[in-house]
Every structure is written in structure tokens, then in C-alpha cells.
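Just below is one structure, and these are the notes that go with it.
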Amino acid sequence: GDSVTQMEGPVTLSEEAFLTINCTYTATGYPSLFWYVQYPGEGLQLLLKATKADDKGSNKGFEATYRKETTSFHLEKGSVQVSDSAVYFCALTDNSGGSNYKLTFGKGTLLTVNP
Amino acid sequence: NAGVTQTPKFQVLKTGQSMTLQCAQDMNHNSMYWYRQDPGMGLRLIYYSASEGTTDKGEVPNGYNVSRLNKREFSLRLESAAPSQTSVYFCASSETYRVTEAFFGQGTRLTVV
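Okay, structure coming up:
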């Protein structure tokens, strides 16, 4: 079945450091890929998405590129801020057939950014 | 601009008690979902409703029932709560069952003692 594997963390960085959170996936067919962010005490919000190979999703300084050859969708940001402290989830929907009704999530990566 | 609203936000139940978690969305979405979030497990799908009038099991449906009351509302019922159901529950919605973007509520933190 579908699965998502991401860096488990926690990840602790200083403000203005470079961030990478690794995400790889297994899916039947051709998935759509997502990064969701969960700030403390809140629900999940979509951060960015990509629907086909080589697409780059970007938002709020975060980027991720859909790499079909390595089945990866790593999240990057050039300079993190304290306000980026949150839990980040990589997720997919499988568009190959009957499973595109659900999001399959990774376990989440807690990011803490210190001033 | 409420989005997805869940009630209650917190609940403590005794083993064997029942309760219903409520969810409503105001985005005219067709599809709605219930997930549970456990430490180190990510989010797992309990039940979903692809459209008004239909419901289907997800990955972890045992011990739960759902009702799609109308297009806006999708409730989750625990008939006889167990400590293993201690979790954070999230309701979500999307425009159609082919998920391109899902919108989540703020969650219900449930503790079963």
C-alpha cells in the first residue's frame, strides 16, 4: 500500500539557518504530494503541494520538488524564523485508482527554531 | 470565514461511556473525513464521506460510527469508549473525494480513563 517516510526529528535550528526535512514515498501509480504544517494547538494547514513529476511547490519561503526518480519530496527553506516552529507532515494521495479519497501521512517532524 | 469547526475541543470520558464528536464545514465541500492523531503515528483515517449520503471505512474504523447528517455536518460517535481511543481527533473536508486540498478543524483532544 501507499506509505510516506519522513525524518522523525525533532529538528532544532537557530534562526536564519537552512532547513531540510526529508520525505520519501511509496505509491501505486502517480501520486499528488503535499506538505502540511501544524502550529501548536491548531489543526493542519496545507503548506504546499505538487501534482506531477518535476513540479515545485512553494509557499512562505518553503519549497519542495516532486522527484519521481528518487520518489522524494523534500521540504527546504533557506532561512528559518522562530515563527516556523511547528510540526511538518508530508502526505500523498494516490491518483491511480480508488485510493484518491484519502491522504496518507508521514509521522510528522517537529521543528523548533531558537532565536 | 469559519472553515471547519469541531466541538468539543477537549473531553474526558470514563471507559464504557459514549459520546459524539461534531464537525461542520461552511465551504460547500462534498467530502468529509475523520482522522485520529497519535504520537509517532501521523494521522490515520477513521471514516470518510465522499458525498452527502455516503460513508465508508478508513484504516482504523473499529469502535467508531459516523453520520453524514447533511452536506455541512459529519459526526463521529464512540459507542463504548476505551483507553486505546485516547487521541486527538481531526475532522477535515475537501471539495471532492479526489483530494487536492483538505481543510482541517482545530481538533478534539479526547482522554479515556
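Chains as they are written, first to last, in our numbering: chain H, 4 to 118; chain F, 68 to 180.
For glycine and all other residues, C-beta sits at the position ideal for the given N, C-alpha and C.
Keep in mind it's a predicted model, so treat the numbers as computed, not measured.
Check, Outcome
"Cβ-Cβ distance between Gln73/F and Thr167/F below 8 Å", "no"
"Runs of beta strand (DSSP E) lying entirely within the stretch 147-178 of chain F, each at least 3 residues, in chain order", "154-161"
"Start and end residues, beta strand (DSSP E) containing Leu113/H", "Thr112 to Asn117"
"Contacts that Thr96/H makes with chain F (C-beta to C-beta distance below 7 Å)", "Val166"
"Same chain only: Cβ atoms within 7 Å of Gly83/F, ignoring 5 sequence neighbours per side", "Ser147 and Ala148"
"Residues near Phe170/F in its chain [Cβ-Cβ closer than 8 Å; skip 5 each side]", "Gly70, Val71, Gln92, Met94, His96, Ala159, Ser160 and Ser161"
"Closer than 8 Å to chain F by CB, Gly46/H", "yes"
"For Tyr156/F and Trp101/F, believed in contact at Cβ under 8 Å, the rounded distance", "7 Å"
"DSSP beta-bridge partners of Val83/H", "Answer is none; Val83/H lacks a bridge partner."
"Contact under 8 Å by Cβ, Leu36/H with Leu95/H", "yes"
"Assigned secondary structure, Glu126/F (DSSP; H/G/I helix, E/B strand, else coil)", "coil"
"Identity of the residues DSSP links to Thr87/F by a beta bridge", "Arg144/F"
"is_contact[Ser88/H, chain F] using C-beta, thresh 8 Å", "no"
"Segment contact flag, the stretch 6-23 of chain H with the stretch 105-112 of chain H, C-beta cutoff 8 Å, min 3 pairs", "yes"
"Beta bridge counterpart(s) of Phe65/H as assigned by DSSP", "Asn62/H and Lys80/H"
"Status (buried if at least 16 other CB within 10 Å, exposed otherwise) for Gln104/F", "buried"
"Interface residues of chain F facing Phe92/H [CB-CB closer than 9 Å]", "Gly109 and Leu110"
"Beta-carbon proximity list for Leu47/H, same chain, < 8 Å, skipping 5 on both sides", "Tyr39, Val40, Gln41 and Phe92"
"Pair within 8 Å by beta-carbon distance, Tyr114/F and Lys105/H", "no"
"Nearest candidate by alpha-carbon position, reference Ser98/F, set Gln78/F, Thr121/F, Met86/F and Arg144/F", "Thr121/F"
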